[in-house]
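K.L.:
The listed protein sequences correspond, in order, to chains A and B. Residue numbers are given in numbering that gives the first Met the number 0: position 146 of the first sequence equals residue 145, and the series is strictly consecutive. Residue numbers are given in numbering that gives the first Met the number 0: position 155 of the second sequence equals residue 154, and the series is strictly consecutive. Following this message is one structure expressed as structure tokens.
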Amino acid sequence: MARSDVQLMLEAKAGDDASFELLLQRYRTPLVSFLYRMVRDSATAEDLSQEVFIRVYRARAKYAPSAKFTTWLFRIATNLALNRIRDTRHRLLEISLDAPAEEHEPSMELPAREMRVDQLLLERDRAAVIRNAVESLPEKQRIAVLLHKYEDMDYVEIAKVLECSEAALKSLLFRAYETLRVQLAPLVAGAASPAPAETAGTGKGRPS
Amino acid sequence: MNYKANCERISSELVPYLDGRANAAEQSAVESHAAVCPACRERIEEFRKLFGVLNEMPAIEPSGAFDARVRARISAEPRRSLFDWLVPAPRLAFALAILLALSVWMGKFPTAENAVATAQSEQDFHVIKDLGVLENYDVLKGFDALSELPVSTQEPEQTQQDQQPKDGQI
């Protein structure tokens, strides 16, 4: 029988690096995927994932199994991702402020996510359109959707990561999916209705 | 209409209903509302389709070098030494060591109470030292042969008394 995350972490705390290696193998893919969907860049997602594992490794001596391991892991990942997004945004703002002013203002180009979905469909494939729609959600809604839909976390865990109540989380998720339903209306309209069992979180990235 | 008010009320239960995590009461509330509300029925159907569409969003795999890079960084981390195991909180241990050193250092200075105690103990020491003589005093007093000696045991006191007036006269 596979050892639980808590068991592995307690063994790593006792000095067994092989147990930590098993945790790394178990969560490397879900973590990199989650961070990739957060920061939109695979190299940055890998850098941040490494940083998450190093932080967990450094904190192993103080580990107490008071919360689920995944809650702790994804909370570190979320904080690192948000910090990186804010740093990047800040840097881009500085660059744009430092740039020399042009005589004639160029016509404002709409960001890709604000273009009409049917226009985008002509230029990009479906996966890119879906990714774009998810990425355009406000930060908190995006994290909630990524953890709910792609990491298959339960409500209690997601609420802890986002530091909100369960009721607030359910409302947040409804608003996020409602936004996606509108943004992806052409795709949704053409989709076949899946069986009710298939509508639950996919759990693609999360080991059981 | 009455059911319109319920649309908002059940909206936060729609996602748990669709992912199968709603309890029996929540599930029944959504189903009974959907039975009378065509808009919510349509929304539920579209949410189901949306969840299927979102499954198309690809996940990425870590690159081949990912594990090696994490392992390299982990092996570069400082190992826990025997000292770390013995002293789990170095700051606390340092504070205690300083406190101990200070208390030893402060203990070297004599306080007023210490001075009195030292003086008292010196007096006691002399009494104890002369205890042998005092214990033998009665024996010596009753020893007849000694009474015949020209110098009595009270002589030094008398000599002092005799000398005092003389000193005063000078």
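Glycine included, each C-beta is placed from N, C-alpha and C at the ideal position.
Are the beta-carbon atoms belonging to residue 147 (chain A) and residue 172 (chain A) less than 8 Å from one another?
P.N.:
In contact: residue 147 (chain A) and residue 172 (chain A) (Cβ atoms closer than 8 Å).
K.L.:
Helix, strand or coil, according to DSSP, for residue 36 (chain B) in the structure here?
P.N.:
coil
K.L.:
Count the other CB atoms within 10 Å of the CB of residue 34 (chain B); is the residue buried (16 or more) or exposed (fewer)?
P.N.:
Its Cβ having fewer than 16 others within 10 Å, residue 34 (chain B) is exposed.
K.L.:
Whose C-beta lies closer than 7 Å to the C-beta of residue 187 (chain A) among residues of the same chain, with five residues either side of it excluded?
P.N.:
Cβ-Cβ distances below 7 Å link residue 187 (chain A) to 180 in the same chain, with the five nearest sequence neighbours on each side left out; the list follows chain order.
K.L.:
Contact criterion: CB-CB distance below 8 Å. Does residue 148 (chain A) meet it with respect to chain B?
P.N.:
yes
K.L.:
Among A:77, A:83, A:46, whose alpha-carbon lies nearest the alpha-carbon of residue 144 (chain A)?
P.N.:
It is A:77 whose Cα lies nearest to the Cα of residue 144 (chain A).
K.L.:
Report all residues from its chain with a CB closer than 6 Å to the CB of residue 10 (chain A); omit the five preceding and five following residues, and keep chain order.
P.N.:
Within the same chain, residue 10 (chain A) has close Cβ partners 18.
K.L.:
On the three-state DSSP scale, how would you describe residue 25 (chain A)?
P.N.:
helix
K.L.:
With C-beta atoms as the reference, is residue 38 (chain A) less than 8 Å away from residue 72 (chain A)?
P.N.:
no
K.L.:
Locate the alpha helix (DSSP H) running through residue 154 (chain A), then write down its first and last residues.
P.N.:
That run of the alpha helix (DSSP H) goes 154-161.
K.L.:
Ignoring anything shorter than 4 residues, give me the alpha helix (DSSP H) runs that lie fully in the stretch 128-154 of chain A, in order along the chain.
P.N.:
138-144
K.L.:
Would you tell me roughly how many angstroms separate the C-alpha atoms of residue 132 (chain A) and residue 48 (chain B), rounded to the nearest one?
P.N.:
15 Å
K.L.:
Does residue 206 (chain A) have its Cβ less than 8 Å from a Cβ in chain B?
P.N.:
With a pLDDT of only 48 at residue 206 (chain A), under the threshold of 50, the placement of this residue in the model should not be trusted, and no figure is reported.
K.L.:
So for residue 2 (chain A), helix, strand or coil by DSSP?
P.N.:
coil
K.L.:
Quick check on this structure: which residue in A:45, A:68, A:59 has the alpha carbon closest to the alpha carbon of residue 83 (chain A)?
P.N.:
A:45
K.L.:
Please identify, using Cβ separations under 7 Å, the residues of the stretch 18-43 of chain A that lie next to chain B, in order along the chain.
P.N.:
23, 27, 28, 31, 32, 35, 41
K.L.:
If you measure from the beta carbon of residue 72 (chain B) to each beta carbon in chain A, is any gap under 8 Å?
P.N.:
Yes, residue 72 (chain B) counts as interfacial toward chain A.
K.L.:
In whole angstroms, give me the CA-to-CA distance for residue 128 (chain A) and residue 139 (chain A).
P.N.:
20 Å
K.L.:
Skipping 5 residues on each side, what residues in its chain have a beta carbon closer than 7 Å to that of residue 26 (chain A)?
P.N.:
72
K.L.:
Who are the neighbours of residue 169 (chain A) on chain B, taking C-beta pairs under 8 Å?
P.N.:
11, 12, 14, 15
K.L.:
Out of A:29, A:142, A:162, state which residue places its alpha-carbon closest to the alpha-carbon of residue 174 (chain A).
P.N.:
A:142
K.L.:
Since residue 49 (chain A) meets chain B, which of its residues come closer than 8 Å, beta carbon to beta carbon?
P.N.:
65, 68, 69, 72
K.L.:
Is there a Cβ from chain B that is less than 8 Å from the Cβ of residue 126 (chain A)?
P.N.:
yes
K.L.:
Taking residue 55 (chain B) as the reference, which of A:162, A:130, A:136 has the closest Cα?
P.N.:
If we check each option's Cα against that of residue 55 (chain B), A:130 comes out closest.
K.L.:
Using beta carbons (cut-off 8 Å, strictly below), is residue 190 (chain A) in contact with chain B?
P.N.:
Any Cβ of chain B closer than 8 Å to the Cβ of residue 190 (chain A) would place that residue at the interface, and such an atom is present.
K.L.:
Cβ of residue 164 (chain A) within 8 Å of Cβ of residue 11 (chain B)?
P.N.:
Not in contact: residue 164 (chain A) and residue 11 (chain B) (Cβ atoms no closer than 8 Å).
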